[in-house]
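Numbered by our numbering, the letters in the sequence shown go through residues 726 to 1287 in order.
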Amino acid sequence: MKNNHSSIPSHLKSYIVDQDYNAYTSINHSCWKFIMNISKDFFKDHAHKSYLEGLEKTGITINKIPKISEMDKKLRKIGWRAVPVRGFLPPTIFMQFQAHSILPIASDMRTLDHITYTPAPDIVHEAAGHSPIIVNKSYSNYLKNYGQAASKAISSKQDHDIYMAIRLLSDIKENPQSSSKDIRIAEESLNQALENNKYLSEAAYLSRLNWWTVEYGLVGNINNPKIFGAGLLSSVGESYNTIYGDVKMIPLSLDCINYSYDITEQQPQLFIAKDFEHLNDVLNEYKAKMAYNIGGLKSAKEAIKSQSVCTFKLDTGLEISGIPTEIYGNTFEEFYKFEGPVQLSYQNKELDGHGGDYHQHGFSSPICNTLIINRLKDASINEKININFKSGINLKGVIKDKLIIDSKLITISFKDCKIIKGDKLLFDPDWGTFDLACGKSIQSVYGGPADIQSYLQFMDLELPSQIKPNYLTKYSNSEKKLIDLYDEIENKLNNDKVQSMIDKLDLEFKGDWLLRFELLNILDDKKDNDLISKLKLQIQEIAKDDNDLYNSIQRGLKTISK
726 MKNNHSSIPS HLKSYIVDQD YNAYTSINHS CWKFIMNISK DFFKDHAHKS YLEGLEKTGI
786 TINKIPKISE MDKKLRKIGW RAVPVRGFLP PTIFMQFQAH SILPIASDMR TLDHITYTPA
846 PDIVHEAAGH SPIIVNKSYS NYLKNYGQAA SKAISSKQDH DIYMAIRLLS DIKENPQSSS
906 KDIRIAEESL NQALENNKYL SEAAYLSRLN WWTVEYGLVG NINNPKIFGA GLLSSVGESY
966 NTIYGDVKMI PLSLDCINYS YDITEQQPQL FIAKDFEHLN DVLNEYKAKM AYNIGGLKSA
1026 KEAIKSQSVC TFKLDTGLEI SGIPTEIYGN TFEEFYKFEG PVQLSYQNKE LDGHGGDYHQ
1086 HGFSSPICNT LIINRLKDAS INEKININFK SGINLKGVIK DKLIIDSKLI TISFKDCKII
1146 KGDKLLFDPD WGTFDLACGK SIQSVYGGPA DIQSYLQFMD LELPSQIKPN YLTKYSNSEK
1206 KLIDLYDEIE NKLNNDKVQS MIDKLDLEFK GDWLLRFELL NILDDKKDND LISKLKLQIQ
1266 EIAKDDNDLY NSIQRGLKTI SK
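Right, here's the structure in full:
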């Protein structure tokens, strides 16, 4: 790849694709140009004031799809990066990009059929939607702050199932070759995933905050709201309906996380922040309640509910990552269990010999106290140990090895080890070496592994397809003919050939309104009034049954002043 990705964490690089700029057709560029021209005209009045400045400073071109490599050069000047990706990224991965101040930009371009709105990530949404407002320092700080919080959020198995169902549905809806049956089956799959989700995780609540701010946020006051959300900045239909339609406006508060959303439909209500600092205030209010800031028994139980990979960080700095399944204790944590594979880390770096391969069958440990840790630190290798924990747990075994880092006892390994609590067996000598995690408390609990690069092989993170779908790369003979006509426009068609092209459109492409719209930019309103009137009538007739498209075209006609 031409871009320099050497500074990007290696586990994120597998999601980066080649933009393949030459694969965009003249139809793609015309779609982009139409969207950007009416967007710029509309958002100069109805978006946050950073929008116009942001278009220039982030490398957003108006008449051609931007090159992400050029955007990356411009974004570096304001402390961000841009990389091309494809499709819906897993939320965990998207947030890690954002936490590293990297904007992942879906490089595919929406089809003409979905020019006013697409449920699938595309370059309009990611580039023209997310990029411009980043130039505002307060908003940029919010994005980074949010990314860091979201990368620590506990997500659930159900979250992953919903993500996969949404990804499938959005891809199918964007694909013009999908049948109504395909769409119905995908919708049923999503509805089933939503119905099966009885637990709202931290990640789910944060995704709602993201939706009502980063994607569909408004700022200012209820009487004169300004748009900053990427979903609105990239939807010429929904942004117009937001300002001129009947959308309920609600002052932003943390209560927005109690509002669910449908990614495939326009939103019935939107939230208005006072300013971008207000966004951070709301985020910080939620962060204070998150398990990674609280730790302890309550947070550990929350992680167990998630049925997903989480990390317990002990007060010594030891990090235990895997799927937690049990924790004992009424007031304080006493003993915990993870199912395998489990990783032990320190300062986000996997400890030698303590990866998922070694702890493939799971991991468990009692919580220690100061007396026990001091006693074990002073004990010798091969010394027999018999320890009673305050919780009633008894450990008997022979010290095999000790790991001390920064003068702290991190782990101690036992052979011939037996652990019981009353008549309950917690570890048997036949199970092999027992590794005691040395720590007096669980200080932090967060989603995902401590050293994701080393643990990634054990995680169920499906890569979105890195191959462009057929409908974006393989064209029928009729589609190729239409692309050729758009090419002629792109190559500055002479006025005397306009009539010939109109004849071809009338004969073979009666339903194509955008090429007719492009012809209006060529015609001279002083000489070609009849042709202009004919084209306008044809365009309006084609769009009359699609209200969003019709309104967008009317706005487009005003921008060319014909």
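For glycine and all other residues, C-beta sits at the position ideal for the given N, C-alpha and C.
| query | result |
| --- | --- |
| In the DSSP assignment, what are the bridge partners of L1289? | Nothing can be reported for residue 1289, as the shown portion of the chain is limited to 726 through 1287. |
| Between the alpha carbons of K798 and G804, how many angstroms are there, rounded? | 10 Å |
| In whole angstroms, what is the alpha-carbon distance linking M726 and V810? | Reliability of the predicted coordinates at M726 is poor, the pLDDT of 42 falling under 50, and the value obtained from them is presented with this limitation in mind. Rounded to whole angstroms, M726 to V810 spans 13 Å at the Cα level. |
| What is the rounded straight-line gap between the Cα of T989 and the Cα of M820? | 21 Å |
| Alpha carbon to alpha carbon, what distance is there between Q823 and K1287? | Low local confidence applies: a pLDDT of 41 at K1287 is under 50, so the model's placement there is unreliable, with the coordinate-based value given in what follows. So the two alpha carbons sit approximately 43 Å from each other. |
| Is A772 helix, strand or coil by DSSP? | strand |
| Could you please give me the residues that DSSP links to M974 through a beta bridge? | L995 |
| Report buried or exposed for F1159, applying the criterion of at least 16 other Cβ atoms within 10 angstroms of its Cβ. | buried |
| Comparing C-alpha positions only, which one of P791, V1007, I1045, H773 sits nearest to S1166? | I1045 |
| Of the residues Q1032, C756, I997, D1148, which one's Cα is nearest the Cα of Q883? | Q1032 |
| Quick check on this structure: which residue in D886, N1246, S959, E912 has the alpha carbon closest to the alpha carbon of A831? | S959 |
| What is the residue span of the beta strand (DSSP E) that G1021 lies within? | Per DSSP, G1021 belongs to no beta strand (DSSP E); it is in the alpha helix (DSSP H), 1021-1031. |
| Hey, out of D1253, D1221, S1258, S1203, whose CA is closest to L1232's CA? | S1203 |
| Would you list, in sequence order, the uninterrupted alpha helix (DSSP H) runs of no fewer than 4 residues that lie entirely inside the region 1214-1280? | 1223-1233, 1239-1245, 1254-1268 |
| Excluding sequence positions up to five away, which residues of its chain have a Cβ less than 8 Å from the Cβ of I1130? | G1042, Y1071 |
| Tell me whether S732 sits in a helix, a strand or coil according to DSSP, three-state version. | coil |
| Can you check whether the CB of A955 is closer than 8 Å to the CB of V1288? | Examination of residue 1288 is not possible in this model, given that the chain is present from 726 through 1287 alone. |
| Can you tell me the Cα-Cα spacing of G1054 and L1151, whole angstroms? | 14 Å |
| Could you tell me the alpha carbon to alpha carbon distance between Y984 and S964, rounded to whole angstroms? | 20 Å |
| Which value, in whole angstroms, describes the spacing of the CA atoms of V961 and S739? | 32 Å |
| According to DSSP, is M726 part of a helix, a strand, or is it coil? | Model confidence at M726 stands at a pLDDT of 42, short of 50, so the residue's coordinates are unreliable; what they give is reported in the following sentence. Coil, per DSSP. |
| Is L1239 near F759, with beta carbons less than 8 Å apart? | yes |
| Considering just the uninterrupted stretch of the alpha helix (DSSP H) at F1037, what are its terminal residues? | Run containing F1037: none in the alpha helix (DSSP H); it sits in the beta strand (DSSP E), 1035-1039. |
| Relative to the C-alpha of L837, which residue among P993, Y749, D907, N1107 is closest? | Y749 |
| So, is K1012 buried or exposed, given that buried needs 16 or more other C-beta atoms within 10 angstroms? | buried |
| Just verifying my parser: in three-state terms, what is the DSSP assignment at S1132? | coil |
| Whole angstroms are fine: how far does the CA of G784 sit from the CA of M796? | 5 Å |
| Assuming the contact rule is C-beta atoms closer than 8 Å, M834 and I790 should be a hit. Round their C-beta distance to whole Å, please. | 6 Å |
| Out of curiosity, what's the CA-to-CA distance linking D1212 and L957? | 30 Å |
| Rounded to whole angstroms, what's the CA-CA distance from L1128 to T1136? Just pull it up for me. | 5 Å |
| Rounded to the nearest angstrom, what separates G1236 and R1280 at their Cα positions? | 19 Å |
| Need the endpoints of the alpha helix (DSSP H) that L958 sits in, please. | 955-958 |
| DSSP state of L979, grouped into three classes? | helix |
| Quick check on the DSSP output: the alpha helix (DSSP H) that includes L868 runs from which residue to which? | 862-875 |
| Whose CA, out of G1164, P1066, L1245, lies closest to the CA of I1177? | P1066 |
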